[in-house]
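Using the UniProt record's numbering, the letters of the sequence shown map in sequence onto residues 1 to 92. Ideal Cβ positions, reconstructed from N, Cα and C, are used throughout, including at glycine.
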Amino acid sequence: MAEEIPGSIRIQTGDGNEYRYYAVEEASEFYGCNRSDAVAYACDNVPALVKAIEDVLTRGDLTADQKREIAEEFSVRGVEFDVKESVQIEKE
Numbered sequence: 001m002a003e004e005i006p007g008s009i010r011i012q013t014g015d016g017n018e019y020r021y022y023a024v025e026e027a028s029e030f031y032g033c034n035r036s037d038a039v040a041y042a043c044d045n046v047p048a049l050v051k052a053i054e055d056v057l058t059r060g061d062l063t064a065d066q067k068r069e070i071a072e073e074f075s076v077r078g079v080e081f082d083v084k085e086s087v088q089i090e091k092e
């Protein structure tokens with residue numbers, strides 16, 4: 001089944017969503033391209049960046065405090081990392 005792709009999409013920036021305009025402008029400046037490409041690049045990059053951060057947070061050579069610091073630093077609007085270290089005690 002073929003998916004119909006619209007010729008364009010809009011981003012609403014009114015009614016309390018004005019920050020979206022500035023976010024797109026910032027992405028455009030960051031990537032050095034037009035707004036449409038910047039939105040596409042950001043959408044492509046976010047899942048890859050989240051996966052990379054998850055990989056770092058599961059490394060065994062970091063302390064729990066280091067993992068929490070990393071998680072806090074990379075938690076942003078819409079993406080939150082939470083590190084939970086569990087300790088299990090076995091009794092014989």
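What residue range is occupied by the uninterrupted alpha helix (DSSP H) comprising C43?
Taken as a continuous stretch (DSSP letters only), the alpha helix (DSSP H) holding C43 covers R35 to L57.
Pull up the CB-CB distance for V76 and V50, whole angstroms please, since I reckon it's below 8 Å.
Not quite, the Cβ-Cβ distance comes to about 10 Å (not below 8 Å), so this is no contact.
How many angstroms separate the CA atom of S36 from the CA atom of E73?
The alpha-carbon atoms of S36 and E73 are separated by roughly 28 Å.
Three-state secondary structure (DSSP) at V83?
V83: coil per DSSP, three-state reduction.
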